[in-house]
Amino acid sequence: MDKPKLDRRHFLLGSAVAATAGVAGALGAKVHDGELGAPPRTYQGGVPWQEGLADAPPGVSGTDYKFFTAAEREFIEAAVSRLIPNDEVGPGAVEANVPFFLDRQLAGPFGRGDHYYLGGPWAKGAPEQGYQSRFSPAQMYRAAIGAINKYTHANHNGADFAKLSEDERDALLKDFEAGKVQLEDGVDAKAFFTMLLQNTKEGYFSDPIYGGNKDMGAWKMIGFPGAHYDYREWVSRHGEPVPFPPVGFKGRPGWNSET
Amino acid sequence: MATTLKPVDAVIVGFGWTGAIMGQQLADAGLDVLALERGPWRDTSTDFATGFAQDELRYMWRHHLFQNVSDDTLTIRNNTSQTALPMRHLGSFLLGTGVGSGGVHWNGQIWRFLPSDFLTKSHNEQRYGKKSVTDYDLTVQDWGVTYEELEPHYNSFDVLCGTSGKAGNLNGQVQPGGNPFEGSRSAEYPTPPMPQTYGPTLFGKAAAELGRHPFPHPTGNLSQPYVNNLGAQLGACTYCGFCEKFGCGNYSKASPQTTVLPYLMAKPNFTLRTECEVLKVELSPDKKQATGVTYVNSAGEEFFQPANIVILSSYILQNVRLLLLSGIGTPYDPATGQGVVGKNYAYQTMSSVNVFFDDKLINPFIGAGALATVVDDFNGDNFDHSGLGFIGGAYIAGMVTGGRPIEMIYTPQGTPAWGKAWKHAAAKNYLRSFSLSVHGSCMSHRGNYLDLDPTYRDIHGRPMLRMTFDFTDNEHKMSDYLTDRAAEIAKAMNPREIKLNRRIGSWSVVPYQTTHNTGGAIMGDSPANSVVNKYLQSWDVHNVFSMGAGAFPQNAGYNPTGTLAALAYMSAQAIVQQYLKQPGPLVQA
Chain A
1 MDKPKLDRRH FLLGSAVAAT AGVAGALGAK VHDGELGAPP RTYQGGVPWQ
51 EGLADAPPGV SGTDYKFFTA AEREFIEAAV SRLIPNDEVG PGAVEANVPF
101 FLDRQLAGPF GRGDHYYLGG PWAKGAPEQG YQSRFSPAQM YRAAIGAINK
151 YTHANHNGAD FAKLSEDERD ALLKDFEAGK VQLEDGVDAK AFFTMLLQNT
201 KEGYFSDPIY GGNKDMGAWK MIGFPGAHYD YREWVSRHGE PVPFPPVGFK
251 GRPGWNSET
Chain B
260 MATTLKPVDA VIVGFGWTGA IMGQQLADAG LDVLALERGP WRDTSTDFAT
310 GFAQDELRYM WRHHLFQNVS DDTLTIRNNT SQTALPMRHL GSFLLGTGVG
360 SGGVHWNGQI WRFLPSDFLT KSHNEQRYGK KSVTDYDLTV QDWGVTYEEL
410 EPHYNSFDVL CGTSGKAGNL NGQVQPGGNP FEGSRSAEYP TPPMPQTYGP
460 TLFGKAAAEL GRHPFPHPTG NLSQPYVNNL GAQLGACTYC GFCEKFGCGN
510 YSKASPQTTV LPYLMAKPNF TLRTECEVLK VELSPDKKQA TGVTYVNSAG
560 EEFFQPANIV ILSSYILQNV RLLLLSGIGT PYDPATGQGV VGKNYAYQTM
610 SSVNVFFDDK LINPFIGAGA LATVVDDFNG DNFDHSGLGF IGGAYIAGMV
660 TGGRPIEMIY TPQGTPAWGK AWKHAAAKNY LRSFSLSVHG SCMSHRGNYL
710 DLDPTYRDIH GRPMLRMTFD FTDNEHKMSD YLTDRAAEIA KAMNPREIKL
760 NRRIGSWSVV PYQTTHNTGG AIMGDSPANS VVNKYLQSWD VHNVFSMGAG
810 AFPQNAGYNP TGTLAALAYM SAQAIVQQYL KQPGPLVQA
């Protein structure tokens, strides 16, 4: 295992968090959290100087699953491995750690529907009216996984979705995508598929700080250099390969290392 | 019960671009100015610093800087036969909130509308006949203001932002290198245009070969450092590719934070209160004058803030709702065509063409919000519409704003959205493709309007705004014609293949299109056809001024910010020079 290193990016993020912790004291909570409503304030006489109040990104730590049950995790791995399969071109969604990303997203504010309006009354509406479920994303995943397994039990000899062959799973996912499957428990299969595919691509391509895009494998596959800050010298170098290996908010493997 | 506060000269409702401009102008005139913003304080070093600004998941997909719709959204439908349902998640447009609002996470595309755009009705009637402006139940109008009247105010915004560009028409003389179709400018851009990356350069070459007139997109992402007229300093853009939907960590994108606030916040006669949402404009018993506004803060405390002047400078959807909730002006009725508040809601008609190369590395991650080469040959009335069956047009831009991989991977026609084929197409094409944007006008239509929803209510118990909108045949025909023109340029670049993303079917709230909502509080030359006069002053309540793109009687084929900023400057000048001396209607009805 690598020993912990203090690289530049860790320092940038860490100093924001450390300064914040100093103000927050023993609570260790972020003082400035752009997601959390603030008390009313009055500003007069200048731009306020807010030392140490950077709204640092809410990265994840640990490797344990907080939302999915073991059975749900099997479903997710069986589904996302078909949405983005693994091969020599680049990592699959499972290899990129997308299931873990999804778990942490669903265990947090996104899963709770923090940026969804979920009030009633609820009607199905036209496709142009978009998402109309009462479910938060976490509720949607939980209900959909259960309903899909009920569906495969009835139509595939009592098997869970995760136990189906790759071809069978592909066929089912296509039917969900096309809105051809009626699920029980009030689950709109197409709405769930749309959310799952979007979230899978998010986990595949977002900064590794959120738990997916392991080793920046998805960025390497397409050639995206990540969160680079300055391309000025490359603007006029038309058509030349940009040789930067990808970099995330916490740097990249080997950055500032002894090797 | 509401606590009554000490009166102020002017209260500003909403603190984005127009709120900041009005705040600065009115505070400079010596008024005691209070701005109320429902969102939080935001600044570069704390909220979108370089160390973490380039975060696609957080800002774009988790809406970190956008309005949170969980306690206040609007309802939507395509036509009056449908039941409007809540927009439960942002999609088609990404509403701002907080200090700077959309001015923080815009692309920085700074346009002026064409002189003929301000005369949509009379100009087209004259050139193409009366039917051209009433076909498809269009309800287009003239603006009641001319390009010539607005020109000095467009210039004020350029000077504020340090806009990078090349004039195409300077004092009536067409200039090489700029947009030859633009209205006459009184001054060159404050800073030179951005150097173009590979994609826009290829586009410009191909367009010129076809006889079009390419020029660099005017931009608020600065090509070089700039100190503006208020002493605010902006830095040169570093092309990181995270503009639209993101805050700039580099002080390179013009925003209220980078251009106005360092100056305005220091003024002793200016106060800002954040986390304070205005619920209603309060009127005198005869409803001819506003007495102030009622607002509630994030602690749930309610206040009445008396004010001599009320500036409505929230986003258009909020401005229109506040007018309706406050009983200012007569609500529009699509059945009779009577009434004005909510009338002529319009949008932007977007399509695109993707180009894919085998032999050219586009490197799309080198980008900026307004980094593009543009042709304006088919915008507004820059071309002969005879026999085409539509009015309006679009600019076509070879544009590389960034290569953010969740949002901006283009795959060829017929590629599935997932699976091995999608992955291989993404890996093959990411570095070798880009998109031409067709940024079309949207005419106003009898059936497109805003009113109060009969069912859904926000967290304060107020009716939500209801949007009834669809693209009309005029817009579909325009967009098809323009998309074909873009495809010609795309093909002239000799790519391996192209993909046309036409504007098909009804408007949907799901895919992101653009946050260019317009109308509903439209300007005009008479109270019979408009909510505000040319100075954005309410015809009904003379001390209420309604800012923003809500004033557009229909939308032109350009990004709206330059024009709504110019209108704000013109309004401020009229308030300072005329209204303060003699409060009352600035235009006699």
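As given, the protein sequences belong to chains A and B, one line each in that order.
Position one of the first sequence corresponds to residue 1 (my numbering), numbered consecutively onward.
Position one of the second sequence corresponds to residue 260 (my numbering), numbered consecutively onward.
Ideal Cβ positions, reconstructed from N, Cα and C, are used throughout, including at glycine.
Contacting residues, own chain, Cβ-Cβ under 6 Å from residue i (five flanking each side not counted)
i	result
Pro844 (chain B)	His801
Gly273 (chain B)	Ser572 and Ser573
Leu27 (chain A)	Only weak support exists for where Leu27 (chain A) lies, its pLDDT of 37 falling under 50; the coordinates are left without a value.
Trp766 (chain B)	Phe728, Asp729 and Phe730
Gln283 (chain B)	Val519 and Leu523
Arg663 (chain B)	Glu315
Gly25 (chain A)	Because the pLDDT at Gly25 (chain A) is just 33, under 50, the model does not fix this residue reliably, and the value given afterwards should be weighed accordingly. Contacts found: none.
Gly508 (chain B)	Phe307, Ala308, Thr309 and Ala312
Ile834 (chain B)	none
Arg725 (chain B)	Thr334, Ala343, Asp710 and Asp712
Sequence-distant residues of its chain with Cβ nearer than 8 Å to residue i (five each side left out)
i	result
Asp617 (chain B)	Arg691 and Arg755
Ser789 (chain B)	Gln400, Gly403, Val599, Ile781, Met782, Gly783, Trp798 and Pro812
Glu408 (chain B)	Lys793 and Met829
Val768 (chain B)	Ile335, Met346, Gly350 and Ser351
Pro225 (chain A)	Trp219, Val242, Phe244, Pro245, Pro246 and Val247
Ala123 (chain A)	Gln132
Val555 (chain B)	Cys535, Glu536, Leu538, Glu561, Phe562 and His719
Supposed contact pair residue j and residue i - C-beta distance, whole angstroms, cut 8 Å
i	j	result
Tyr828 (chain B)	Thr334 (chain B)	The Cβ separation is near 34 Å, so there is no contact.
Gln516 (chain B)	Val363 (chain B)	7 Å
Phe474 (chain B)	Val633 (chain B)	6 Å
Pro451 (chain B)	His472 (chain B)	Incorrect: roughly 19 Å between the Cβ atoms, too far for contact.
Ala189 (chain A)	Phe176 (chain A)	4 Å
Val803 (chain B)	Val540 (chain B)	6 Å
Gly678 (chain B)	Arg82 (chain A)	7 Å
Own chain, CB closer than 7 Å to residue i, minus 5 neighbours either side, in chain order
i	result
Asp394 (chain B)	Asn733
Asp33 (chain A)	Asp55
Leu429 (chain B)	Arg444 and Glu447
Phe504 (chain B)	Contrary to the premise, residue 504 (chain B) reads as Lys rather than Phe in this sequence. Hits under 7 Å: Tyr318, Met319, Leu353 and His364.
Val486 (chain B)	Gln492
Met195 (chain A)	Pro137 and Met140
Ala18 (chain A)	Residue confidence is low: Ala18 (chain A) scores 38 on pLDDT, short of 50, so the model does not pin down where it sits. Its coordinate-derived value is still stated next. Nothing listed; no residue qualifies.
Under 8 Å, with one C-beta from each stretch per pair, do the region 356 to 366 of chain B and the region 295 to 304 of chain B reach the 3-pair mark?
yes
With three or more C-beta pairs closer than 8 Å as the rule, is the region 230 to 244 of chain A touching the region 532 to 542 of chain B?
no
Would you list, in sequence order, the uninterrupted alpha helix (DSSP H) runs of no fewer than 4 residues that lie entirely inside the region 567 to 630 of chain B?
You should have 575 to 585.
Would you mind listing the beta strand (DSSP E) stretches within the region 350 to 430 of chain B that are 3+ residues and don't spill past its ends, in chain order?
none
Closer than 7 Å, Cβ to any Cβ of chain A: which residues of the region 557 to 576 of chain B, in chain order?
Ser557 and Ala558
In chain order, which continuous runs of the alpha helix (DSSP H) of length 4 or greater are located wholly inside the region 78 to 123 of chain A?
98 to 107 and 109 to 112
Count the C-beta pairs between the region 686 to 706 of chain B and the region 92 to 101 of chain A that are closer than 8 Å, then say yes if the count reaches three, no if not.
The region 686 to 706 of chain B, when compared against the region 92 to 101 of chain A, does not touch it at the 8 Å Cβ threshold.
Going along the region 222 to 241 of chain A in order, which residues come within less than 9 Å of chain B, judged by CB to CB distance?
Ile222, Gly223, Phe224, Pro225, Gly226, Ala227, His228, Tyr229, Asp230, Tyr231, Arg232, Trp234, Val235, Ser236, Arg237, His238, Gly239, Glu240 and Pro241
Between the region 337 to 361 of chain B and chain A, which residues of the former have a C-beta closer than 9 Å to a C-beta of the latter?
For the region 337 to 361 of chain B, which is checked against every Cβ of chain A, the residues closer than 9 Å are Asn337, Gln341, Thr342, Ala343, Leu344, Pro345, Met346, Arg347, His348, Leu349, Gly350, Ser351, Gly357 and Val358.
Taking one C-beta from the region 176 to 186 of chain A and one from the region 137 to 152 of chain A each time, how about it: are there three or more such pairs within less than 8 Å?
yes
Residue ranges of each alpha helix (DSSP H) within the region 132 to 204 of chain A, 4 or longer
137 to 155 and 166 to 177
Inspect the CB distances between the region 303 to 322 of chain B and the region 545 to 560 of chain B and report whether three or more fall short of 8 Å.
no
Is the region 589 to 605 of chain B in contact with the region 699 to 709 of chain B, if contact means three or more CB pairs nearer than 8 Å?
Contact between the region 589 to 605 of chain B and the region 699 to 709 of chain B is present, because at least three Cβ pairs lie under 8 Å.
Flag this pair as touching only if the region 746 to 761 of chain B and the region 611 to 631 of chain B have three or more C-beta atom pairs under 8 Å; answer yes or no.
The region 746 to 761 of chain B, when compared against the region 611 to 631 of chain B, does touch it at the 8 Å Cβ threshold.
Uninterrupted beta strand (DSSP E) stretches inside the region 777 to 837 of chain B (no shorter than 3 residues):
803 to 805
Taking one C-beta from the region 645 to 652 of chain B and one from the region 481 to 490 of chain B each time, how about it: are there three or more such pairs within less than 8 Å?
The region 645 to 652 of chain B is not in contact with the region 481 to 490 of chain B.
Counting only runs that start and end within the region 516 to 571 of chain B, where is the beta strand (DSSP E) found for 3 or more residues in a row?
529 to 533, 535 to 542, 549 to 556 and 561 to 571
Could you name the residues of the region 513 to 527 of chain B whose beta carbon sits closer than 8 Å to any beta carbon of chain A, in the order they occur along the chain?
Leu520, Pro521, Met524, Ala525 and Pro527
Which residues, in chain order, does the region 160 to 192 of chain A contribute to contact with chain B at a C-beta distance below 9 Å?
Legend: CB atoms of the region 160 to 192 of chain A lying less than 9 Å from CB atoms of chain B belong to residues Asp170, Leu173, Lys174 and Glu177.
Does the pairing of the region 111 to 120 of chain A with the region 72 to 87 of chain A give three or more beta-carbon distances under 8 Å?
Judged by Cβ distances under 8 Å, the region 111 to 120 of chain A makes no contact with the region 72 to 87 of chain A, as fewer than three pairs qualify.
Please confirm if the region 551 to 569 of chain B is in contact with the region 261 to 272 of chain B, defined as three or more CB-CB distances below 8 Å between the two stretches.
yes
When you compare the region 80 to 96 of chain A with the region 203 to 222 of chain A, are there three or more beta-carbon pairs, one atom per stretch, that lie closer than 8 Å?
By the Cβ criterion, the region 80 to 96 of chain A is in contact with the region 203 to 222 of chain A, since at least three pairs of Cβ atoms, one from each stretch, lie closer than 8 Å.
Which residues, in order along the region 315 to 330 of chain B, keep a beta-carbon less than 7 Å from a beta-carbon of chain A?
Correct list: Glu315, Leu316, Arg317, Trp320, Arg321, His322, His323, Asn327, Val328 and Ser329.
Going along the region 681 to 702 of chain B in order, which residues come within less than 7 Å of chain A, judged by CB to CB distance?
Taking 7 Å as the Cβ-Cβ cut-off against chain A, the residues of the region 681 to 702 of chain B that qualify are Lys682, His683, Ala685, Ala686, Tyr689 and Leu690.
Chain B contacts from the region 31 to 48 of chain A (Cβ-Cβ distance under 9 Å)
His32, Gly34, Glu35, Gly37, Ala38, Pro39, Pro40, Arg41, Thr42, Tyr43, Gln44, Gly45, Gly46, Val47 and Pro48
To be precise: take each residue of the region 762 to 774 of chain B, compare its Cβ to all Cβ atoms of chain A, and keep it if any distance is under 7 Å. Which residues remain?
Ser765, Trp766, Ser767, Val768 and Val769
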